[in-house]
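Residue numbers (this note's numbering): 27 to 408. A quick write-up on the structure given underneath.
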């Protein structure tokens, strides 16, 4: 309370109101009420599921029990949420719950597949001969310390390398045509690429078998298999590259045209360098698709148990074909070799996807660490 002196008399003036106290709001995260609601929904749905499955309904089986439990859990979560929050908030949280549970389910399935393959194949993969020998001197009843998959690994690398050499220029050229040139021809090209994306791999192998091998007389070899893999990889590269090229800002193209650059110069010197990280991702995703194909290689490359480093002559085996051939046999050592090759193939695909994530993590136009250091050195020398 303060006093103000006015002509010999004092008047009490009200004190200034205090500003409201600031309180931090927590955006996102999980509150105690949400955790309690989820736990209550889990417990209630489990109890009701057990009652229906074991006492009321004539059902049996673990899969049905888990499915009914999940559906009841979603219903309980929605019902308990409506009692506490607005319906719009409850729907949003229910969608988030479905998304998280689906992601956890897929992750658990992938981990289970990795565990299963690793357990079945570690018996063969722990021996060094598996990565250094071929199967030319190994019979079906030979011990696990004999034979390996080096010939299949070399065949996969050579076939994938040739397919990448063929598919990447064609795929990027098609993407540039559809995104930068356009016109009447872009629509049928895009339709053809979309159709090829859903093309079964066996059809690609039959196409190369009928046209290249039976018509032109080329023998089954790694080169023919690489042509079949090219048919599978090219639409993947094209679709991914087109999306990345469309993300390049239009202002960069306009600046190039304003400086007098032609369309060819703009695409070659501006658009493609800007989209380089995304194009690298497109290439690696295409390689990851091609490295695991079996049926095209089976129809076009043949099978051999010996080493063949020449993809243009003679039969050549790949890792997927090696796996398909040995896991079907009734001998435990052969099955172990097939699972060990499957583990090796999964590691190769994992490396490719991690590389795609690291290379393509930047947005179009962002500089890498090496480019920033180079730019800093150039500025320091000025």
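Ideal Cβ positions, reconstructed from N, Cα and C, are used throughout, including at glycine.
Tell me where the alpha helix (DSSP H) around residue i begins and ends.
i           : result
residue 94  : 88-108
residue 338 : Here residue 338 belongs to no alpha helix (DSSP H), and DSSP marks it neither H nor E.
residue 79  : Looking at the DSSP string, residue 79 is not in any alpha helix (DSSP H), and its letter there is neither H nor E.
residue 294 : From DSSP, residue 294 is part of no alpha helix (DSSP H); its letter is neither H nor E.
residue 276 : 276-284
residue 305 : 302-316
residue 230 : 227-234
If you drop the 5 nearest sequence neighbours on each side, which residues of the same chain put their C-beta closer than 6 angstroms to that of residue i?
i           : result
residue 365 : 143, 146, 147
residue 184 : 248, 337
residue 70  : 102
residue 75  : 94, 95, 98
residue 260 : 193, 196, 197
residue 357 : 166
On the three-state DSSP scale, how would you describe residue i?
i           : result
residue 111 : coil
residue 32  : Residue placement at residue 32 is poorly supported in this model, since its pLDDT is 48, which falls under 50; the coordinates still yield a value, given next. Here residue 32 sits in strand by DSSP.
residue 259 : helix
residue 129 : helix
residue 73  : helix
residue 161 : coil
residue 152 : coil
residue 138 : helix
residue 61  : helix
residue 84  : coil
residue 167 : coil
residue 326 : helix
residue 405 : helix
residue 320 : coil
residue 147 : helix
residue 240 : helix
residue 248 : helix
residue 68  : helix
residue 273 : coil
residue 224 : coil
residue 399 : helix
Leaving out five residues on either side along the sequence, give the residues of the same chain with a beta carbon under 8 angstroms from the beta carbon of residue i.
i           : result
residue 87  : none
residue 32  : Note that residue 32 has pLDDT 48, beneath the 50 cutoff, so the model's placement of it is unreliable and the number below is only indicative. Nothing listed; no residue qualifies.
residue 239 : 245, 246, 250, 326
residue 398 : none
residue 222 : 257, 260, 261
residue 163 : 172, 173
Less than 7 angstroms between C-beta atoms, sequence neighbours within five positions excluded: which residues of the same chain meet that for residue i?
i           : result
residue 292 : 279, 282, 283
residue 201 : 264, 267, 268, 271
residue 99  : 67, 68, 71
residue 151 : 366, 369
residue 187 : none
residue 379 : 314
residue 112 : none
residue 189 : 252, 255, 256, 259, 316
residue 351 : 329
residue 108 : 116
Is residue i near the ligand NAD, going by C-beta to nearest heavy atom under 7 angstroms?
i           : result
residue 327 : Of ligands this structure carries none, so the ligand NAD is not represented either.
Decide if the segment 324-342 is in contact with the segment 239-251; the criterion is three or more beta carbon pairs, one per stretch, under 8 angstroms apart.
Yes: the two stretches touch, three or more of their Cβ pairs being nearer than 8 angstroms.
Where are the alpha helix (DSSP H) runs, 4 residues long or more, that stay fully inside the segment 172-222, in chain order?
Correct list: 176-202.
Touch test, the segment 195-215 against the segment 347-367, Cβ-Cβ under 8 angstroms, three pairs minimum
The segment 195-215 is not in contact with the segment 347-367.
At least three beta-carbon pairs within less than 8 angstroms, the segment 134-143 to the segment 155-174:
No, they do not touch.
Touch check for the segment 276-286 and the segment 310-321: three-plus C-beta pairs under 8 angstroms?
Too few Cβ pairs lie closer than 8 angstroms, so no.
My parser needs the beta strand (DSSP E) runs of 3 or more residues fully inside the segment 344-385; what are they?
Those beta strand (DSSP E) runs which fall completely within the segment 344-385 and span 3+ residues do not exist here.
Check whether the segment 315-323 touches the segment 250-261, counting contact only when three or more Cβ pairs, one atom from each stretch, lie closer than 8 angstroms.
Judged by Cβ distances under 8 angstroms, the segment 315-323 makes contact with the segment 250-261, as three or more pairs qualify.
Could you tell me whether the segment 294-306 touches the segment 119-137, using the rule of 3 or more Cβ pairs below 8 angstroms?
Touching, no.
Whether or not the segment 176-183 and the segment 339-348 are in contact is what I'm after, with contact meaning three or more pairs of Cβ atoms, one per stretch, closer than 8 angstroms; do they touch?
Flag = yes, the segment 339-348 and the segment 176-183 touch.
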